[in-house]
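Okay, structure first, notes after.
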Amino acid sequence: MKKNKITSAINESREAGKVVAKFASVLTDNKSEQRFFVSSAYLGPTFLSKKFKPGSDKIYYTIAVYGDEEKKAVVEALDKGWLGLGNYSAEFAKKVSAIFGKKHGVLVNSGSSGTFLSLKILNLPPGSEVITTACTFATTLAAILNNNLVPVLADSELGTYNLDLKNLPKMISRKTRAVILPHTLGSLNDMETLQKLCRKHKLYFIEDSCDTIGGRFAGKPTGSFADITVSSFYASHNITAAGGGGILCMDDEKLLARALAYRDWGRFGDDNESVEERFNINIDGIPYDRKFVYSMVGYNLKPIEVQAAFGLVQLKKLQEFNKIRRRNFDRLGNYLKKYEKFFLLPTDLPKAEAYWLAFPITIRDNVPFTRLDILKHLEANKIQTRLLFAGNILRQPAFRKIPKRVVGKLANADKIMKNTFVIGAHHGMTDEMVDYVCGVFDDFLSQY
Numbered sequence: 277m278k279k280n281k282i283t284s285a286i287n288e289s290r291e292a293g294k295v296v297a298k299f300a301s302v303l304t305d306n307k308s309e310q311r312f313f314v315s316s317a318y319l320g321p322t323f324l325s326k327k328f329k330p331g332s333d334k335i336y337y338t339i340a341v342y343g344d345e346e347k348k349a350v351v352e353a354l355d356k357g358w359l360g361l362g363n364y365s366a367e368f369a370k371k372v373s374a375i376f377g378k379k380h381g382v383l384v385n386s387g388s389s390g391t392f393l394s395l396k397i398l399n400l401p402p403g404s405e406v407i408t409t410a411c412t413f414a415t416t417l418a419a420i421l422n423n424n425l426v427p428v429l430a431d432s433e434l435g436t437y438n439l440d441l442k443n444l445p446k447m448i449s450r451k452t453r454a455v456i457l458p459h460t461l462g463s464l465n466d467m468e469t470l471q472k473l474c475r476k477h478k479l480y481f482i483e484d485s486c487d488t489i490g491g492r493f494a495g496k497p498t499g500s501f502a503d504i505t506v507s508s509f510y511a512s513h514n515i516t517a518a519g520g521g522g523i524l525c526m527d528d529e530k531l532l533a534r535a536l537a538y539r540d541w542g543r544f545g546d547d548n549e550s551v552e553e554r555f556n557i558n559i560d561g562i563p564y565d566r567k568f569v570y571s572m573v574g575y576n577l578k579p580i581e582v583q584a585a586f587g588l589v590q591l592k593k594l595q596e597f598n599k600i601r602r603r604n605f606d607r608l609g610n611y612l613k614k615y616e617k618f619f620l621l622p623t624d625l626p627k628a629e630a631y632w633l634a635f636p637i638t639i640r641d642n643v644p645f646t647r648l649d650i651l652k653h654l655e656a657n658k659i660q661t662r663l664l665f666a667g668n669i670l671r672q673p674a675f676r677k678i679p680k681r682v683v684g685k686l687a688n689a690d691k692i693m694k695n696t697f698v699i700g701a702h703h704g705m706t707d708e709m710v711d712y713v714c715g716v717f718d719d720f721l722s723q724y
């Protein structure tokens, strides 16, 4: 790469020389915590205090940011002597559900398990239709199929990468029972429109918020518009629970009870150790311990206590993490506007306060290079790239012959599959890293 191009990009896009110390000041106003972040915060396997070496250090499309506080919390949880779900888990579930505007939260071992359970607890008749989008992550569609339900799919919008809601009225039939839509890459759906349509047609509305947490729509928590919200704490997300974990959030106590039972092997047992309470149930005339009374065929989808301990520390940093994500996302978007003849850039809905997982870019038609051309250039310069999940998921080998109903053509989903890629804009990226990414784009596009 030509050195003067990198220098030019840095001069154009840098915000007044912000470096590691400034990054720490964005994370927290507390001076001692700032020193902690500078000295011992981790960007995955690397130290934040290590000066970024352009072209040598890899810029991942997303990464976990954690430090000694999280490690200390995990050790404290281990020292309690109980590894199963406990007080940390209860507190974590309560705080996360409140972020989404819900009364109850059920922790699970992954967002994918949460998505599966969100449909399982509805007890829908086999063959019922569930509306979703054709451009999605595999487990959203897998959750529908694994509950013996039929997905109804339509095209996505370019820019937001969510379901084009103009298709929604046409997707509803007499068999439709639910809508489950992801905030693709953290891009928020039009929650007001979705809530109105679902209420009008008496459909369950499930918010798949695995890609983001903390966003608001029309000034309200996104979960306040939905019947059920699912989120994920995978290592690449806005916050993580030691690399995994997920949650279902709801207000309905019947749905809560079902979710707990399905998660916990199919039983309704609780933590009550009173013999009188435990043995107040009879099975065929036999007094039996309610801890081992199974009312449904369930699963073991529980996380572990140390994940919640880790996650509680991450929650304290969520607001600042999201600020950094948003700043990095906006800086990339503002810089790359000069290349809009080549790229379609991501867009937010007017009422959305979104914290994207990553930065998606769609290559326009008839440009003088291919997606693979620019991906090779980015990867050669240590900038990690990804595609937008499955693209048109119906083209994926596992989903070609599934039972389904498709409304309209999937032209945008096909375009996304062919021309869209993703780069990082996460809270582990410093200003120097964003500057470097901009310079690498300059270097590639200068030949055109």
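Sequential numbering from 277 applies to the sequence shown in the working numbering.
Beta carbons: idealized from backbone N, C-alpha and C, even for Gly.
Asked: Which of helix, strand or coil DSSP assigns to P673; Found: helix
Asked: Whole-angstrom distance between G520 and G343, CA atom to CA atom; Found: 17 angstroms
Asked: Separation of K530 from S571, as counted between CA atoms; Found: 14 angstroms
Asked: Rounded C-alpha distance that separates V350 from D649; Found: 44 angstroms
Asked: Euclidean distance between Cα positions of L621 and D606; Found: 11 angstroms
Asked: Contacts around A369, its chain only, beta-carbon distance under 6 angstroms, and the 5 residues preceding and following it disregarded; Found: G381 and L383
Asked: DSSP-derived helix/strand/coil call for T452; Found: strand
Asked: DSSP three-state assignment for T469, whether helix, strand or coil; Found: helix
Asked: Reference V573, options Q590, G542 and V582, closest by Cα; Found: G542
Asked: Cβ contact (3+ pairs, closer than 8 angstroms) linking the stretch 485-505 and the stretch 449-463; Found: yes
Asked: Counted within 10 angstroms of its Cβ, other Cβ atoms place D718 as buried (16 or more) or exposed; Found: buried
Asked: Pairwise C-alpha distance: R603 and A502; Found: 28 angstroms
Asked: Distance between beta carbons of I692 and T638, contact taken as under 8 angstroms; Found: 7 angstroms
Asked: Own chain partners of V569 with C-beta closer than 8 angstroms, once the 5 adjacent residues on each side are dropped; Found: R543, F544, G545, I557 and I559
Asked: Assigned exposure category for G490 - 16 Cβ within 10 Å defines buried; Found: buried
Asked: Coil, strand or helix - V713 by DSSP; Found: helix
Asked: Beta-carbon contacts of Y724 that lie in its chain and below 8 angstroms, excluding the five residues immediately before and after; Found: F618, V643, P644 and F645
Asked: Every unbroken alpha helix (DSSP H) inside the stretch 407-439 [4 residues or more]; Found: 414-422
Asked: Where A511 falls: helix, strand or coil (DSSP); Found: coil
Asked: Opening and closing residue of the beta strand (DSSP E) in which H702 lies; Found: Here H702 belongs to no beta strand (DSSP E), and DSSP marks it neither H nor E.
Asked: First through last residue of the beta strand (DSSP E) which encompasses N235; Found: For the chain, the structure presents residues 277 to 724; residue 235 sits outside this window and is missing.
Asked: Whole-angstrom distance between I562 and F257, CA atom to CA atom; Found: What is shown of the chain runs 277 to 724, which leaves residue 257 out entirely.
Asked: Near the ligand COA: L531 beta-carbon under 7 angstroms from a heavy atom; Found: For the structure depicted, the ligand COA is absent and the ligand set is empty, with no information on it obtainable.
Asked: Under 8 angstroms between C-beta atoms of L670 and L429; Found: yes
Asked: Distance, D484 Cα to A517 Cα; Found: 18 angstroms
Asked: Extent of the continuous beta strand (DSSP E) to which V384 belongs; Found: H380 to V384
Asked: Three-state class that DSSP yields for M572 in the structure shown; Found: coil
Asked: Integer Cβ distance of A410 from N668, believed to fall under 8 angstroms; Found: 5 angstroms
Asked: Residue closest to V455, alpha-carbon to alpha-carbon, out of M447, P427, I407 and T412; Found: I407
Asked: Short CB-CB distance (under 8 angstroms) between D547 and chain B; Found: No chain B appears in the structure shown, which is made up of a single protein chain.
Asked: With 16 other Cβ atoms within 10 Å as the buried cut-off, status of T469; Found: exposed
Asked: Contact check, L393 vs L532, beta carbons under 8 angstroms; Found: no
Asked: In chain order, each alpha helix (DSSP H) run of at least 4 residues that lies wholly inside the stretch 630-664; Found: 647-656
Asked: First and last residue of the uninterrupted beta strand (DSSP E) at I482; Found: Y480 to S485
Asked: Nearest-angstrom beta carbon gap, T416 and T391 [assumed within contact, 8 angstroms]; Found: 6 angstroms
Asked: Residue of L651, A585, L361 and S507 minimising C-alpha distance to L695; Found: A small fix is needed here, since residue 695 is Asn in this sequence, not Leu. For N695, the nearest C-alpha among the options comes from L651.
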